[in-house]
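Trainee: Once you've had a glance at the structure underneath, I'll fire off some questions.
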Amino acid sequence: MGYDRTMDPQLPRWIVQILFVDDDLEFSWLVVSYVKKRLNVPVRVSNSFDEATKLIGVERFDLIVCGYEQPEHSESLFRFTREHSPSSGFVLFTSNDEFNRNTLVDPTFRGRIAKNHIADLVALIAKETEKTKAD
């Protein structure tokens, strides 16, 4: 099983941990810089499926933002997240519409946000931050 955020006494419960996964590293840093500037929340970046699965296996993330253009990687990462970090929220941040619509019935799936709507992603992260603080 993956990281259980409730088992880590080092981190205050209200600090939101975010993993941003995208195969375009330059775009990732652009988005992450914007998110950090607007919300002042920690964001880890991964530019590969393998690295992301390793991080999910050992660290806690409240929200995983997946920006892969390849649908098979997005769905595989979503399935891996459900298995290893079932409490993590998952957002698909992509311009590709081919993500399996059956995924949408999972309560941890926070939705699909188009890559040209970075402000919508920031709003969703802000909402997750408030939700985590309230828990």
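Just so you know, we're using this note's numbering here: the sequence shown kicks off at 315 and counts up by one. Glycine included, C-beta positions come from ideal geometry on N, C-alpha and C. Just so we're clear, the structure is a prediction, and the values are computed from it rather than from any experiment.
Output the boundary residues of the alpha helix (DSSP H) element that contains G381.
Mentor: Neither: G381 is in no alpha helix (DSSP H) and is coded neither H nor E.
Trainee: Whole angstroms are fine: how far does the CA of G371 sit from the CA of K351?
Mentor: Rounded to whole angstroms, K351 to G371 spans 27 Å at the Cα level.
Trainee: According to DSSP, is V346 part of a helix, a strand, or is it coil?
Mentor: Reduced to three states, the DSSP call for V346 is helix.
Trainee: Is T443 buried or exposed, if buried means 16 or more other CB atoms sit within 10 Å of its CB?
Mentor: T443 comes out buried.
Trainee: Quick one, are the C-beta atoms of A366 and V335 less than 8 Å apart?
Mentor: Yes. Within cutoff.
Trainee: Assuming contact is defined by CB atoms lying nearer than 8 Å, are L377 and V330 in contact in what I supplied?
Mentor: Yes; because the gap between Cβ atoms is below 8 Å, this pair is in contact.
Trainee: Just the Cα atoms here: how many angstroms apart are R358 and I432?
Mentor: Spanning the two alpha carbons is a distance of roughly 17 Å.
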